[in-house]
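Protein chains in written order, with the working numbering: chain A, 3 to 198; chain B, 10 to 258.
C-beta: ideal position from N, C-alpha, C; glycine also.
All figures in this text were calculated on a predicted structure; none of them were measured in a lab.
I have placed the structure first, in the form of structure tokens, so that the comments after it can refer back to it.
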Amino acid sequence: MATSKGAGQASAPAASAREAELQLVERCRRGELGAFEELYRAHSGRLYSLACRMLGNAADAEDLLQEIFLSAHRKLESFRGEAALGTWLYRLGMNQILDHVRSRAGRAGQITDGLDDATTLADPQGHRLADRAIDRIDLERALAELPEGCRAAFLLHDVEGLEHREVSEVLGIAEGTSKSQVHKARLRLRGLLRER
Amino acid sequence: MACERNIDRIQEAVDGTLGSIRRADLEMHLTECEDCRALYEDLVRIRDAAAALPPQQVPDRAWLQIAGRLRQEGRIHDVQKPAPARRWSAAWLAAAAALVIAIGGAALLLQHRSQPAPVAQTATAPRSSSGNSAPGKSVESVETVQNEVDAAQQQFEKAITKMDDLRKANMSALDPQTSAVISKNLNIIDQAIAENRAAVKAEPASVAARETLFEALRQKVSLLQDTISLINEMRKGNNAAAAQLVNKS
């Protein structure tokens with residue numbers, strides 16, 4: 003998550019940051035609560051925001067945040083440092099978030115397919131978006147209407163500031179797919195925001 | 010409608026990944042094509058608005074609940090365990106005595122709400138003792154190790170009873186959800202204590218069984234201390250400080 007906003011690692015040399023992460027992970031493995039709290043404080047805000055925006059429900063997001071960190075504590079044994087700790091946590095968290103979203107959608111019988119080009123390229127009549135400010139609430143509501151794949155990629159790239167390469171790592175997709183999903187999401191958001 | 014052949018270039022320009030030559034070419038096109046310019050400007054505004062979305066505030070209780078569950082599952086410890094000592098039971102006795110003194114401070118705090126809560130300091134008291142740091146002449150005067158263990162256990166239980174009474178009398182300061190989580194966690198620890206007591210009863214000479222029992226008792230003390238700290242800060246209306254203080258304990 004080296005390039006995500008507020009990651010706090012960009013200013014330190016990469017090797018030193020990675021070494022610090024490995025030391026923190028080692029302390030967590032030894033069962034030090036303080037070390038795990040440090041990890042939690044560094045990453046919980048972004049994961050919680052992601053969960054809130056993916057689930058559209060703060061209570062569910064809070065429950066899932068707990069599960070994500072409990073699961074992270076269990077799985078730290080398998081963390082080898084190949085990816086940045088933040089990316090590893092994003093991947094772990096996003097997998098659980100998407101499982102939850104899909105399970106909920108499955109129960110509700112919703113279709114959560116991706117956007118097709120006809121939908122995203124539709125150019126409804128209306129004012130240009132650039133003629134007015136984008137209201138934060140409107141944007142949050144429009145985000146909630148995106149299919150989960152597009153939404154996840156958009157949130158990671160445009161909201162959290164990850165690069166497409168990092169988005170592809172987190173979501174387990176090709177870099178080109180990340181670009182495609184983010185681009186479709188922007189076009190769909192444009193359409194939704196112009197309708198408001 | 011924007012020119013379909015330019016949409017990818019526009020998106021790449023918004024991403025900031027368009028090469029300089031292609032970008033110059035696109036910019037020239039944007040001066041001539043109103044639809045493409047509108048699309049570019051709209052997408053930039055969406056990207057900027059998304060980047061400016063504020064992070065959601067994580068509720069303070071989330072960490073408390075995670076820490077509580079990690080404790081229940083025995084996957085964490087708050088500080089380093091003391092090195093094995095020859096007279097380990099004396100360490101427990103000293104720790105329990107320190108705890109009883111600490112409880113008095115916690116009780117006082119609940120009666121004087123405006124004072125800061127030093128409970129976080131007391132949390133480390135039981136673990137800071139070692140076999141060589143028992144107070145005064147007490148260690149050598151105790152007749153047997155068994156007696157020391159029994160006495161330590163009684164002190165712990167006495168302290169726990171006092172703290173639990175305090176907690177029960179003041180739980181109204183906490184929101185129902187937090188109360189429910191704390192009660193659930195206490196029940197789980199109580200169950201562990203009961204099982205460990207049974208193990209000690211079955212094998213009175215087992216050092217490991219006693220250590221495990223004391224560990225369970227200490228977990229209960231730790232949770233009760235966290236709860237009392239939380240109540241203190243909630244009463245002062247300082248949710249963030251409550252979480253901070255408890256988390257440091």
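{"Asked": "DSSP three-state assignment for A:Glu-168, whether helix, strand or coil", "Found": "helix"}
{"Asked": "Burial state of B:Asn-196, where buried means 16 or more other Cβ atoms lie within 10 Å", "Found": "exposed"}
{"Asked": "A:Val-161 Cβ short of 6 Å to the ligand COA heavy atom set", "Found": "Judged by which ligands are present, the structure shown has none, so any question about the ligand COA falls away."}
{"Asked": "Proximity test, Cβ basis, 7 Å: A:Val-172 and chain B", "Found": "no"}
{"Asked": "Buried or exposed (CB count within 10 angstroms, at least 16 for buried), B:Gly-25", "Found": "exposed"}
{"Asked": "C-alpha distance - B:Ile-240 paired with A:Ala-44, whole-angstrom precision", "Found": "26 Å"}
{"Asked": "Whether B:Asp-51 touches A:Arg-192 by CB criterion (7 Å)", "Found": "yes"}
{"Asked": "Distance, A:Asn-97 Cα to B:Asp-174 Cα", "Found": "43 Å"}
{"Asked": "Contact between the region 59-76 of chain A and the region 166-181 of chain A (3+ Cβ pairs under 8 Å)", "Found": "no"}
{"Asked": "CB contact check: A:Arg-192 to chain B, cutoff 7 Å", "Found": "yes"}
{"Asked": "Residues bridged to B:His-86 [DSSP beta-bridge criterion]", "Found": "A:Glu-34"}
{"Asked": "Exposed unless 16 or more other CB atoms sit within 10 angstroms - verdict on A:Ala-146", "Found": "exposed"}
{"Asked": "Alpha-carbon spacing of A:Ala-177 relative to A:Glu-197, whole angstroms", "Found": "The amino acid occupying residue 177 of chain A in the given sequence is Glu; Ala does not appear at that position. Whole-angstrom Cα-Cα distance: 31 Å."}
{"Asked": "Chain B within 7 Å of A:Cys-54, Cβ atoms only", "Found": "yes"}
{"Asked": "Residues of the region 49-69 of chain B with Cβ closer than 7 Å to any Cβ of chain A, in chain order", "Found": "Glu-50, Asp-51, Leu-52, Arg-54, Ile-55, Arg-56, Ala-58, Ala-59, Ala-60, Leu-62, Pro-64, Gln-65, Val-67, Pro-68"}
{"Asked": "Under 9 Å from the C-beta of B:His-86: neighbouring residues of chain A", "Found": "Arg-32, Gly-33, Glu-34, Leu-35"}
{"Asked": "Below-7 Å beta-carbon distance, B:Ile-198 vs any chain A residue", "Found": "no"}
{"Asked": "Closer than 7 Å at the beta carbon, the chain B residues around A:Gln-25", "Found": "Residues of chain B passing the Cβ test: none, with the nearest at roughly 16 Å."}
{"Asked": "Close beta carbons around A:Gly-58, own chain, < 8 Å, minus the five adjacent residues each side", "Found": "Ala-146"}
{"Asked": "4 or more residues per run - each alpha helix (DSSP H) lying fully within the region 47-87 of chain A", "Found": "60-77"}
{"Asked": "Beta-carbon proximity check, A:Cys-152 vs A:Ala-107, cutoff 7 Å", "Found": "no"}
{"Asked": "Coarse secondary structure for B:Ala-182, derived from DSSP in three states", "Found": "helix"}
{"Asked": "The region 57-66 of chain B touching the region 35-48 of chain B, judged by at least three CB pairs closer than 8 Å", "Found": "no"}
{"Asked": "Between the CA atoms of A:Phe-156 and B:Phe-165 - distance to the nearest angstrom", "Found": "54 Å"}
{"Asked": "Neighbourhood of B:Leu-79 by C-beta, 8 Å cutoff - its chain only, sequence neighbours within 5 removed", "Found": "Ile-85"}
{"Asked": "Where A:Ala-154 falls, given that 16 or more other Cβ within 10 Å makes a residue buried", "Found": "buried"}
{"Asked": "Contacts around A:Val-184, its chain only, beta-carbon distance under 7 Å, and the 5 residues preceding and following it disregarded", "Found": "Ala-155, Phe-156, His-159, Asp-160"}
{"Asked": "CB-CB length for A:Glu-23 against A:Leu-87, believed under 8 Å", "Found": "4 Å"}
{"Asked": "Any C-beta of chain B under 7 Å from that of A:His-102", "Found": "no"}
{"Asked": "Residue closest to A:Ser-51, alpha-carbon to alpha-carbon, out of A:Glu-150, A:Ser-182, A:Glu-162", "Found": "A:Glu-162"}
{"Asked": "Which listed residue (A:Ala-17, A:Glu-39, A:Arg-138) has its alpha carbon closest to that of B:Ala-71", "Found": "A:Glu-39"}
{"Asked": "Beta-carbon contacts of B:Ala-47 that lie in its chain and below 8 Å, excluding the five residues immediately before and after", "Found": "Ala-11"}
{"Asked": "CB contact below 7 Å: A:Ala-120 versus chain B", "Found": "At A:Ala-120, the pLDDT of 46 sits below 50, so the modelled position is not reliable; the number obtained from the coordinates is stated separately. Closer than 7 Å: no."}
{"Asked": "Minimum C-alpha distance to A:Leu-26 - residue among A:His-75, A:Tyr-92, A:Leu-131, A:Glu-165", "Found": "A:His-75"}
{"Asked": "Short Cβ contact (7 Å threshold) for B:Ala-58 with A:Leu-148", "Found": "no"}
{"Asked": "Other residues of its chain near A:Met-79: CB distance less than 7 Å, five sequence neighbours each side excluded", "Found": "Looking at the sequence shown, residue 79 of chain A is not Met but Glu. Correct list, in chain order: Arg-31."}
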